[in-house]
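Chains as they are written, first to last, in this note's numbering: chain A, 11 to 205; chain B, 11 to 205.
Protein chains: 2
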Amino acid sequence: MKNRIITISREFGSGGRTIGKEVAKKLGISCYDEELIKKISEKSGFAKDYIEEQGEYTPGRNWFESLLLENDFYGHFNQSVLWNVQKNTILDIAKKESCVIVGRCADYILKDVANCLTVFIHASMENRMERIVKIYGEYEDASPKKRLMDKDKKCKTYYQFYTDTEWGAAKNYHIALDSGVLGIEKCVEIIAGLY
Amino acid sequence: MKNRIITISREFGSGGRTIGKEVAKKLGISCYDEELIKKISEKSGFAKDYIEEQGEYTPGRNWFESLLLENDFYGHFNQSVLWNVQKNTILDIAKKESCVIVGRCADYILKDVANCLTVFIHASMENRMERIVKIYGEYEDASPKKRLMDKDKKCKTYYQFYTDTEWGAAKNYHIALDSGVLGIEKCVEIIAGLY
């Protein structure tokens, strides 16, 4: 595969999406984030909100655990379908063009088939709390910290279930950056400079 | 503390030492690596080889474990003395001048007292094997892979024992780089550019 892909894995609230968009803009290539969700929605029939949440943040379970712990056969079935559609959509995109792909285990899916630069963006709890309140506002039923801890836990479990590797271990990425300390702009500059 | 410090944690064989030296050269500041070992040797009376190995690669044990598992009271005692001398030497250096410090948990020791850029350098097993054979040659009694796995394990245990945080987790560093994929020169350029 001759296309060059930048995959951006990120902690919720770290600005990874913004960094992905800015890098793509700087390099004149597409950024697949919302666009990817749209494609997956078209292919699978699932609603965008469902994909947004279930396609990255659902604790993976095998069918036995789903039945035993959640008594949720359809949940498990949907999740497997969604994973396969996501996987094939990402593989199709990578075949078609050089681009930035945000989230959805793209780093793992493209590991052995594409020319990838794999990036992980993270930031401190304080920085992320500040960011999500600014972007999404306050929630009545959960503090920003609770929301982040919940997302982190689900994201980690999902990634580990589907990739069998550790989410957030430096070794799994070519470059990992603290966007809170380095700043969004500097992260964009470094990543684009590596392309 | 007004001095600005770059701490470089690294996997054995990843070229982190070379990167540290080159970054310091580029920025016109000191690099503490062998120089740090020399200082610790002068203060503690321990031989340089002993510090080199025990000051980063000894699985930390509390006194009870040392007695129980290894029946080695002096080993535990030496290790504690060494950790304290290392810690104070690193704190003294950071008070004195802006510099690069390679290894020895400097990132953790300076966490709340200095203006630090914390870096982690890693590379794939293949890249590191190639590098250590080129630099240190082949060993009769252990394959390059065995040597690296042994160092990784000890280093991880040592770090976790003394810092109570996870070695190699992206979150613990401002920037983590795969020197095998990005190349030593590019790593130097990025780190020096962040200073």
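Even for Gly, the Cβ is constructed at its ideal location relative to N, Cα and C.
From the DSSP output, which residues share a beta bridge with residue i?
i: Asn125/A; result: Arg14/A
i: His184/B; result: Bridge partners of His184/B: none, in fact.
i: Ile131/B; result: Arg20/B, Leu187/B
i: Ala152/A; result: Paired residues: none, contrary to the question.
i: Cys109/A; result: Ile15/A, Ser40/A
i: Ala179/B; result: Ala179/A
To the nearest angstrom, report how far apart residue i and residue j are at their CA atoms.
i: Ile29/A; j: Leu187/B; result: 18 Å
i: Ile131/B; j: Cys126/A; result: 19 Å
i: Asn94/B; j: Trp177/B; result: 20 Å
i: Lys166/A; j: Ala116/B; result: 28 Å
i: Leu46/B; j: Ile103/A; result: 50 Å
i: Gln170/A; j: Tyr146/A; result: 27 Å
i: Ser134/A; j: Ile61/B; result: 33 Å
i: Thr99/B; j: Thr99/A; result: 54 Å
i: Lys196/B; j: Lys53/A; result: 40 Å
i: Tyr215/A; j: Ser51/B; result: The structure shown does not extend to residue 215/A, since chain A spans only 11 to 205, so no value can be given for it.
i: Lys164/B; j: Val198/B; result: 27 Å
i: Ala179/A; j: Tyr168/A; result: 15 Å
i: Glu192/A; j: Glu148/A; result: A quick correction: the sequence has Leu, not Glu, at residue 192/A. Cα to Cα, Leu192/A sits roughly 26 Å from Glu148/A.
i: Lys181/A; j: Lys144/A; result: 32 Å
i: Glu138/B; j: Arg138/A; result: Correcting the residue type first, residue 138/B is Arg in the shown sequence and not Glu. Approximately 35 Å between the Cα atoms of the pair.
Tell me whether residue i sits in a helix, a strand or coil according to DSSP, three-state version.
i: Ser8/A; result: Past the edges of chain A, shown from 11 to 205, lies residue 8/A, and the structure says nothing about it.
i: Arg114/A; result: coil
i: Val57/A; result: A small correction: the amino acid at residue 57/A is Ala; Val does not occupy that position in the sequence shown. It is coil, neither helix nor strand.
i: Asp102/A; result: helix
i: Gly26/B; result: helix
i: Asp160/B; result: helix
i: Gly147/A; result: coil
i: Leu120/B; result: coil
i: Gly193/B; result: coil
i: Tyr205/A; result: coil
Only counting the same chain, and skipping five residues up and downstream in sequence, which positions put a Cβ closer than 8 Å to that of residue i?
i: Lys48/A; result: Lys58
i: Ile194/B; result: Gly25, Thr28, Ile29, Glu32
i: Gln64/A; result: Phe56, Asn88, Gln89, Leu92
i: Tyr183/A; result: Ser19, Asp117, Thr128, Val129, Phe130
i: Ile142/A; result: Phe22, Gly23, Pro154, Arg157, Leu158
i: Ala152/A; result: Asp160
Just to confirm my understanding: we take residue i, look at its own chain, exclude 5 residues before and 5 after, and list those with CB closer than 6 Å. What are they?
i: Val112/A; result: Ile18, Arg27, Gly30, Asp43
i: Lys97/A; result: Ile119
i: Cys41/A; result: Gly30, Lys31, Ala34, Val110
i: Thr173/A; result: Cys115, Tyr118
Closest to residue i by CA distance: which of the options is it?
i: Ile185/A; options: Ser108/B, Tyr172/B, Ile200/B; result: Ile200/B
i: Asn13/B; options: Ile39/B, Lys161/B, Asp151/B; result: Ile39/B
i: Gly203/A; options: Gly23/A, Phe22/A, Ala34/A, Arg20/A; result: Ala34/A
i: Gly190/B; options: Glu148/B, Arg157/B, Glu140/B; result: Glu140/B
i: Ile15/A; options: Ser134/A, Val110/A, Cys41/A; result: Val110/A
i: Glu136/A; options: Ala180/A, Leu158/A, Tyr149/A; result: Leu158/A
i: Thr175/B; options: Ile142/B, Lys121/B, Tyr149/B; result: Lys121/B
i: Glu107/A; options: Leu37/A, Lys155/A, Ala179/A, Arg138/A; result: Leu37/A
Here's a check: name, in chain order, each residue in its chain whose Cβ is nearer than 7 Å to the Cβ of residue i, leaving out the five neighbours to either side.
i: Glu150/A; result: none
The ligand ATP heavy atoms versus the CB of residue i: any closer than 7 Å?
i: Val129/B; result: Ligands displayed in this structure: none; no statement on the ligand ATP is therefore possible.
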